[in-house]
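Counting along the sequence shown from 1, when you hit position 36 you're at 36 in our numbering, and nothing is skipped either side.
Where a beta carbon is used, it is the ideal one built from N, C-alpha and C, also for glycine.
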Amino acid sequence: MATTDHSWVLITGASSGFGEEFARQYAEQGHSLVLVARRLDRLQALAETLCRQHRVEVIVEQVDLSDIEAVVQLHRRLGERGIAVDILINNAGHGLQGPFVDSPLDAAQAVVQLDVASLTAVTHVFAQDMRARGRGKILLVASLLAYQGVQNFAVYAAAKAYVLRLGEALHRELKRNGVTVTTLCPGMSDTGFAAAAQQKITPALKLLMMQPAPVVRAGIRALQAARISVVPGWANKALVILTWATPRWLHQAFLSHAMNG
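Spelled out as structure tokens, the structure:
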């Protein structure tokens, strides 16, 4: 059902995967969209489709979010156009699999830059606006790996742990100002992200694989309900409970086997 307002939703990493699915579901609700990613052709094709199907306003912004100055300029451009972002979906991120010391240093730094530094910058500039207005919603996309360090995913898991802890802290800091912050922690999902990260898909991961649509629906529902965080899927929830209920050596060994085979 479409909303009666035309509030703006900004989605980073909107050219594929979860970002694209967030764009589709918010367009179905009648929201105006700002789609941000590096791949301009895919953004434009998605924008044309959503405009035609749902009669919503869609703005495309080609931005390399790993450049902090580009984040600041994006914020300034939207402000100059009078666009107040009501909902921020901070989804853009890199993945990396492999032994830490065997991976190129540049690859590890790229994950930290996009998944940590740039996510922090995007959250900061738009959260300031929301606090000043006394309303707004922010969804940070972390990962199930945020709950534990996993062999051959050292930098990625650490980066997503940062996202989860940042979201938990901001949830409490900003709720008194009318701003909701929720962290989404998906498990293995069929988004193309694993292929881009050159991640091995083990038999265990195939069993846990979720489609993007239910993951995104869970994130939107949790954000609307002002929850602090959400783990979509019963199997993924069970893994988090396992993390809480067992010694570190046990659950880390279990997940390491599941992720690496």
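Cutoff 8 Å; reference residue i; Cβ partners in own chain excluding five residues on either side
{"i": "Gln44", "result": "Val60"}
{"i": "Ala158", "result": "Gly149"}
{"i": "Ala197", "result": "Because the pLDDT of Ala197 is 47, which lies under 50, any placement of that residue in the model is unreliable, and the question is left without a value."}
{"i": "Thr120", "result": "Leu166"}
Cβ neighbours of residue i in the same chain (closer than 6 Å, five flanking residues each side left out)
{"i": "Val58", "result": "Leu33, Ala47, Leu50 and Cys51"}
{"i": "Leu10", "result": "Val34, Val85 and Leu88"}
{"i": "Met1", "result": "Residue confidence is low: Met1 scores 40 on pLDDT, short of 50, so the model does not pin down where it sits. No coordinate-derived value is stated."}
{"i": "Trp244", "result": "none"}
{"i": "Val63", "result": "Val36, Ala70 and Leu74"}
{"i": "Gln252", "result": "Gln148"}
{"i": "Ala226", "result": "Thr180"}
{"i": "Gly19", "result": "Ile11, Gly13 and Asn91"}
Rounded separation between residue i and residue j - CA only
{"i": "Gly283", "j": "Pro212", "result": "Absent from the structure is residue 283, since the part of the chain shown begins at 1 and ends at 261."}
{"i": "Thr182", "j": "Val155", "result": "22 Å"}
{"i": "Leu170", "j": "Thr180", "result": "9 Å"}
{"i": "Leu78", "j": "Thr12", "result": "14 Å"}
{"i": "Ala37", "j": "Gly98", "result": "26 Å"}
{"i": "Gln53", "j": "Asp190", "result": "24 Å"}
{"i": "His6", "j": "Ala108", "result": "39 Å"}
{"i": "Ala235", "j": "Glu21", "result": "22 Å"}
{"i": "Val163", "j": "Asn260", "result": "23 Å"}
{"i": "Leu74", "j": "Arg172", "result": "27 Å"}
{"i": "Ile228", "j": "Ile241", "result": "17 Å"}
{"i": "Cys185", "j": "Ala117", "result": "19 Å"}
{"i": "Val141", "j": "Val125", "result": "17 Å"}
{"i": "Arg131", "j": "Leu65", "result": "23 Å"}
{"i": "Val101", "j": "Asn152", "result": "10 Å"}
{"i": "Leu250", "j": "Leu145", "result": "15 Å"}
{"i": "Ile267", "j": "Leu105", "result": "Here the chain covers residues 1 to 261 and nothing more, so residue 267 does not appear."}
One or two residues paired with residue i in a DSSP bridge
{"i": "Leu96", "result": "According to DSSP, which records beta bridges pairwise, Leu96 is partnered with nothing at all."}
{"i": "Met210", "result": "Ser189"}
{"i": "Leu33", "result": "Val9 and Val58"}
{"i": "Val101", "result": "Partner(s): none; Val101 has no beta bridge."}
{"i": "Asn90", "result": "Leu140"}
{"i": "Ser229", "result": "Thr183"}
{"i": "Val85", "result": "Trp8"}
Nearest residue (CA-CA) to residue i, options the options
{"i": "Ile264", "options": "Leu145, Thr123 and Tyr147", "result": "Given a span of 1 to 261 for the chain in the structure shown, any question on residue 264 remains unanswerable."}
{"i": "Leu174", "options": "Arg248, Asp67 and Gln128", "result": "Gln128"}
{"i": "Arg39", "options": "Arg248, Tyr26 and Ser15", "result": "Ser15"}
Runs of beta strand (DSSP E) lying entirely within the segment 109-190, each at least 3 residues, in chain order: 136-141 and 179-184
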